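Chemist: Just remember that the numbering used here sits 309 ahead of the position in the sequence shown, which is counted from 1.
Think of the CB as a built atom: it goes at the ideal place given N, C-alpha and C, for glycine as much as any other residue.
Predicted model only: the values in this text are computed from it and were never measured.
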Amino acid sequence: MKARGKMAHSKGENELTPPAPLRIRGEFSRYPRGVGGVNDVSGSALCPSSLDVKRLRQDFPILRQKIYGKPLVYLDNAATTQKPLWVIDVLNQYYSDENANIHRGIHFLSERATQDYEAARGKVQRFIHAKEVCEIVFVRGTTEAINLVAQSFGRTFLKAGDEILISAMEHHSNIVPWQMLCEQMGAKLRVIPINKKGELLLEEYERLLNARTKLVSIVHVSNALGTVNPVQKMIQMAHAKGIPVLVDGAQAVAHLKVDVQVLDADFYVFSGHKIYGPTGIGVLYGKKERLEKMPPYQGGGDMISRVTFEKTLYLDYIRSVGLEAIAVHEKDLVTYGVKLLLSVPTLRLVGEPSDRAGIVSFVFDLVHAHDVGTVLDRAGVALRAGHHCTMPLMDFLGVPATVRASFALYNTRSEIDVMVEALGHVTEIFG
Ligand code: PMP
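1) Does G646 come out as helix, strand or coil in the three-state DSSP assignment?
2) Could you tell me which of G740, G689, Q367, P701 sits nearest to K379, measuring between CA atoms?
3) What is the residue span of the alpha helix (DSSP H) that A731 lies within?
4) What whole-angstrom Cβ distance do I738 and V684 have, given they're in contact under 8 Å?
5) Would you be able to state if there are at least three C-beta pairs under 8 Å between the segment 672-687 and the segment 623-640?
6) Grab the span of the beta strand (DSSP E) containing V577 for me, first residue to last.
7) I'd like the span of the alpha helix (DSSP H) that includes R449, first residue to last.
8) Alpha carbon to alpha carbon, how far is N456 from P604? Give it in angstroms, no decimals.
9) How many whole angstroms separate the CB atoms of Y719 and W395, which I take to be in contact at a CB cut-off of 8 Å?
10) Strictly by DSSP, which residues pair up with G595?
11) Can you list, in chain order, the residues of its chain with a C-beta nearer than 7 Å to that of G558? Leave out the 5 residues immediately preceding and following it.
12) Nearest-angstrom Cα distance between I635 and G470?
13) Is N410 near the ligand PMP, with its Cβ less than 7 Å from a heavy atom?
14) So is the beta-carbon of H480 under 7 Å away from any non-hydrogen atom of the ligand PMP?
15) Report yes if the C-beta of T452 is less than 7 Å from at least one heavy atom of the ligand PMP; otherwise report no.
16) Quick one, are the C-beta atoms of N538 and I552 less than 8 Å apart?
17) Here's the rule: buried if 16 or more other CB atoms are within 10 angstroms of the residue's CB, otherwise exposed. What is V571?
18) Rounded to whole angstroms, what's the CA-CA distance from E598 to L658? Just pull it up for me.
19) Just mark Y403 as buried or exposed, buried being the case when its beta carbon has 16 or more other beta carbons within 10 Å.
20) Whole-angstrom Cβ separation of V442 and G431, contact assumed at under 8 Å?
21) Excluding the 5 residues flanking K392 on each side, which residues of the same chain have their C-beta closer than 8 Å to its C-beta?
22) Helix, strand or coil, according to DSSP, for N719 in the structure here?
23) Using alpha carbons as the reference points, say which of E407, E427, D425, A428 lies closest to L418.
24) Answer yes or no: the CB of N456 versus the heavy atoms of the ligand PMP, is any distance below 7 Å?
25) What runs of the beta strand (DSSP E), each 3 residues or longer, lie entirely inside the segment 393-475?
26) With distances taken from CA atoms, which of T711, V729, M728, H696 is nearest H481?
27) Would you grab the beta carbon distance between V735 and F671 for me? Rounded to a whole angstrom, and I think it's under 8 Å.
28) Under three-state DSSP, which class holds S652?
29) If you count every other CB in all the chains shown that lies within 10 Å of the CB of D664, and 16 or more means buried, which is it?
30) Is K583 buried or exposed, if buried means 16 or more other CB atoms sit within 10 Å of its CB?
31) Beta carbon of D398: closer than 7 Å to some heavy atom of the ligand PMP?
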C-alpha cells in the first residue's frame with residue numbers, strides 16, 4: 310500500500326481530498342543529532358562507503374536509546390531489523406485513516422485498501438523482478454511460505470520413496486516443514502553436507518540429486534554463519550535434472566540484489582520484518598506455472614493466508630537508500646568486524662565462508678555464549694547468543710551455541726569498536 314497524507318477533514322466529514330504526496334526521506338530528521346539524539350557516530354565511526362549512515366540513522370528512532378546508560382548498539386539484525394520512521398508512520402496512518410478489509414467490502418475504504426494491497430504486490434514483483442504480479446503471494450513470513458509449499462506442492466506431487474533435499478545449514482523453518490511432509494507422505498529428507506568453514510559441498514550436492522528428488526530447498530544466506538550460497542549455480546544443477554528449487558531468502562533480500570528470473574528459482578521466500586518492514590507479513594514468490602498447479606493451502610475466505618494490512622513502504626525505503634550501497638557498506642562492516650574479532654584473546658570465529666554476508670558468529674572456548682551475550686548487553690550491545698534455530702548446524706560445528714553479530718545499513722564501525730572493546734573484558738570477568 311502506498312503512503313498517504315492525512316485526510317483533510319475541513320470540507321466536512323464525508324468529503325475526502327486527494328492524499329498528500331509520499332513524504333520523502335530526510336523529512337524525518339526531526340530528531341536531534343548527537344547527545345540526546347540518535348547515538349552519535351562521529352569520528353572513526355563512519356565507514357568508507359557511499360552511504361550517509363549518520364543521516365540514515367536519523368530515520369530509525371529506536372537508535373536514540375541508551376541501554377544501562379550506554380548508547381544502544383543494535384547488532385541483532387538477522388533476527389529482526391529496526392524500522393524506519395517511514396514504516397512506523399505509515400502503519401499509524403493506516404490504522405488512523407484507512408483501515409478496511411481487502412477484497413471484501415464494496416465501500417470506499419475497502420476498495421481503496423484493496424487497490425493499495427494489489428499495488429503492494431506490484432511493488433514486491435518489481436523488487437525481486439518477478440515476471441508476473443500473480444507470482445507474488447502474501448503470507449505471514451518465511452516460515453509460513455515454506456509450510457505453504459510443503460503442504461500444497463509437497464502433498465500434491467510427492468509419493469512414498471521420493472526425496473526432498475535440504476542443506477546442513479538450514480534454519481529450523483526450512484527443516485521441520487519438510488520433516489512433517491516426509492512423515493505424511495513416506496518420503497525421505499536428504500541433507501547436503503557442509504565443510505568446517507560453513508560452505509556447502511557442491512560435489513556432494515550433485516551426487517544427491519537423483520530421479521527420486523522432487524524438490525531442493527536451500528537457504529540463500531545462512532542466518533548463523535553469513536555464508537552466501539551459490540544458489541544460481543545450484544538451481545542450474547537441479548534444473549538440469551528437472552528438479553524444482555525453493556530458496557529461503559530470509560537473510561538475503563535486505564542485503565543482496567535478488568532477481569528471481571536470473572536465479573530461475575521456482576520458489577523464493579522472505580519475511581518483512583527482516584527487511585525494515587513490519588512483523589507478520591512475508592512473501593512467497595512462485596513461478597506462475599507452479600502456483601497454478603498447487604491446491605489451496607488453507608480453507609477460508611480468501612483461500613490463502615493474508616494479513617489485514619499490507620505496507621511495502623520498507624521496499625521504497627530500501628530502494629531509496631540503494632541495495633548495492635547497502636551491500637558495500639555491510640561488507641565493509643563485516644570485514645572490519647572479522648579483523649577486529651580475530652584480535653580478541655581466546656575468541657574463535659565459527660564459520661569462515663569465502664562469500665559472507667553481514668553476519669559473523671563466534672565463541673569463547675571457556676565461556677558460554679549466553680554469558681558473553683550478557684556482558685555485551687551491559688555495554689549496550691544487543692546481539693544474539695544461542696543456536697539461531699540451526700541446531701543441526703551447531704551439532705556439526707561442535708558448539709552448543711554461538712554469539713552472532715549481524716549488521717544492517719545503520720550500523721557503523723564505531724559500534725563494532727564498542728562490541729570488541731566489551732568482548733575484551735569477557736576473559737577478565739570469566740577467565
Ligand atoms: N529462514 C532463515 C534463514 C531465517 O533467518 C529465519 C529467521 N531467523 C527464518 C527462516 C524464519 O523467518 P520467520 O520467523 O520470519 O518466518
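Modeler: Taking the coordinates as given:
1) helix
2) G689
3) 722-732
4) 6 Å
5) no
6) Sequence check: residue 577 is Tyr here, not Val. Unbroken beta strand (DSSP E) run through Y577: 576-580.
7) Counting along the chain, R449 falls outside any alpha helix (DSSP H), and DSSP gives it neither H nor E.
8) 13 Å
9) That pair is no contact at about 13 Å.
10) F576
11) H529, V567, Y577, V578, F579
12) 44 Å
13) no
14) yes
15) yes
16) no
17) exposed
18) 43 Å
19) buried
20) 5 Å
21) F369, I371, Y585, G586, P587, Y623
22) Per the sequence shown, residue 719 should be read as Tyr rather than Asn. Coil.
23) E407
24) no
25) 445-448
26) H696
27) Actually they do not touch by this definition, with Cβ atoms about 11 Å apart.
28) coil
29) exposed
30) buried
31) no
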